[in-house]
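K.L.:
Residue numbers 2 to 250, in this note's numbering, belong to the letters of the sequence shown in order. We put the CB at the ideal spot given by N, CA and C, even for glycine. The model shown is predicted, which means the values in this text are computed figures rather than measured ones. First the structure, then my questions, so here it is.
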Amino acid sequence: MKKQLKVIMAGTTVFWGASIFNDPVQAIVLEKVPTTQTSSEKEHEDFSIYQDKTESKDVDGNLTTVGEIAEDQNKHNALGVAGMFHIFSKETNISADTNGNVATKTYHSGNEFGARGKSHNLTATKDVNYIEKIEDIGANAFRAQYQTVVVGKDSDNVQKQGNQVFVNGKRLDHLHAKDLRKENEIHLGHKYIDIDREFKKLELNSNSFARNKQSEGMQVNFNDMNNRYIDVSNAKKDEFNRVTAKHLL
Numbered sequence: 002m003k004k005q006l007k008v009i010m011a012g013t014t015v016f017w018g019a020s021i022f023n024d025p026v027q028a029i030v031l032e033k034v035p036t037t038q039t040s041s042e043k044e045h046e047d048f049s050i051y052q053d054k055t056e057s058k059d060v061d062g063n064l065t066t067v068g069e070i071a072e073d074q075n076k077h078n079a080l081g082v083a084g085m086f087h088i089f090s091k092e093t094n095i096s097a098d099t100n101g102n103v104a105t106k107t108y109h110s111g112n113e114f115g116a117r118g119k120s121h122n123l124t125a126t127k128d129v130n131y132i133e134k135i136e137d138i139g140a141n142a143f144r145a146q147y148q149t150v151v152v153g154k155d156s157d158n159v160q161k162q163g164n165q166v167f168v169n170g171k172r173l174d175h176l177h178a179k180d181l182r183k184e185n186e187i188h189l190g191h192k193y194i195d196i197d198r199e200f201k202k203l204e205l206n207s208n209s210f211a212r213n214k215q216s217e218g219m220q221v222n223f224n225d226m227n228n229r230y231i232d233v234s235n236a237k238k239d240e241f242n243r244v245t246a247k248h249l250l
């Protein structure tokens, strides 16, 4: 089975120009992904992302939907639904170019983000973005060629005019009206993602993984911030191979 590197984080900070979750942090290479999901049916009732019928493709190129991808992530990814996003935060300020998608409660400011071309940061074949509240945003935001954007039901400052989208009267250059929805258009009366609830799950998983020692034989090289790697080829085999938090800070 192919091993997967997952980083479990909780909290909010500014890192490389973007607010992301961290502290405590634990990276693990998993052959089996443990989950603590005990209320999946309840979440399906509460989160409208699971009802999202937007067509996409999975990593094998099979036709699927965003909702089905979310369900798979919730069941099999240690990060849960957060694993679908490059930035998953309670509050976001982007001050540097960000090649990936965003899920956040409040987007305070920032100009340019979104996956370019066939970036590995793409969620399957579409950039999926969720912003519950936008205070201010740059015209170059949502620059991915293929994307779907969901905003909170009370986002009255986000308006469609023809095939264009405006925020606070400012036109967004790359986002088309057909790719924008409010969360209650998907499942009336429900959030697209309950980010507070997801953070509680992330924190529980983070604390659980952080209690484990680093696996023997793990080689970690983070000297170059633009070329960091973790070599697990010589790691001693056990149920989980781990990298301690100090190597990721």
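1. Buried or exposed for Tyr230, please, with buried defined as at least 16 other CB atoms from any protein chain shown within 10 angstroms of its CB.
2. Are the CB atoms of Phe48 and Ile138 within a distance shorter than 8 Å?
3. Is the beta carbon of Met85 closer than 8 Å to that of Val152?
4. Any C-beta of chain C sitting closer than 8 Å to the C-beta of Glu133?
5. Give the C-beta separation of Lys192 and Glu184 to the nearest angstrom, bearing in mind that I take them to be a contact with Cβ-Cβ under 8 Å.
6. In its own chain, which residues sit with a C-beta less than 6 Å from the C-beta of Thr149, not counting the 5 before and 5 after it?
7. By DSSP, does Val152 sit in helix, in strand, or in coil?
8. Would you kindly work out how many angstroms separate the C-alpha atoms of Ile70 and Arg212, rounded to a whole number?
9. Between the Cα of Leu176 and the Cα atoms of Ser57, Asp59, Lys58, Phe114, which residue gives the shortest distance?
10. Taking Phe89 as the reference, give the member of Ile95, Thr105, Asp98 with the closest Cα.
11. Can you grab the Cα-Cα spacing for the pair Met226 / Leu189, in whole Å?
12. Can you grab the Cα-Cα spacing for the pair Lys214 / Val82, in whole Å?
P.N.:
To lay it out plainly:
1. If you number the sequence shown from 1, residue 230 lands on position 229. Exposed.
2. Taking the first residue of the sequence shown as 1, we reach residue 138 at position 137. Taking the first residue of the sequence shown as 1, we reach residue 48 at position 47. A distance of 8 Å or more separates the beta carbons of Ile138 and Phe48.
3. In the sequence shown, counting from the first residue as 1, residue 152 sits at position 151. In the sequence shown, counting from the first residue as 1, residue 85 sits at position 84. With respect to Met85, Val152 sits apart: the two C-beta atoms are not nearer than 8 Å.
4. Annotation note: the requested chain C is absent from the structure, which comprises a single protein chain.
5. Indexing the sequence shown from 1 puts residue 192 at position 191. Indexing the sequence shown from 1 puts residue 184 at position 183. So it is a contact: roughly 6 Å between Cβ atoms.
6. As a position in the sequence shown, residue 149 is number 148, starting the count at 1. The residues are Thr55, Lys127, Val129, Asp180.
7. As a working note, residue 152 is residue 151 in the sequence shown. Looking at Val152 - three-state DSSP - the assignment turns out to be strand.
8. Working through the sequence shown from its first residue, we reach residue 70 at position 69. Working through the sequence shown from its first residue, we reach residue 212 at position 211. Linking Ile70 to Arg212 through their CA atoms gives a straight-line distance of about 30 Å.
9. As a position in the sequence shown, residue 176 is number 175, starting the count at 1. The option with the nearest alpha carbon to Leu176 is Phe114.
10. Taking the sequence shown and counting its residues from 1, the one referred to as residue 89 is at position 88. Measuring from the Cα of Phe89, the nearest candidate turns out to be Thr105.
11. Position 225 of the sequence shown, counted from the start, is the residue given in the question as residue 226. Position 188 of the sequence shown, counted from the start, is the residue given in the question as residue 189. Using only the alpha carbons, I get a separation of about 43 Å.
12. On the sequence shown, residue 214 is found 213 positions in, with the first residue counted as 1. On the sequence shown, residue 82 is found 81 positions in, with the first residue counted as 1. Between Lys214 and Val82, the C-alpha separation is close to 26 Å.
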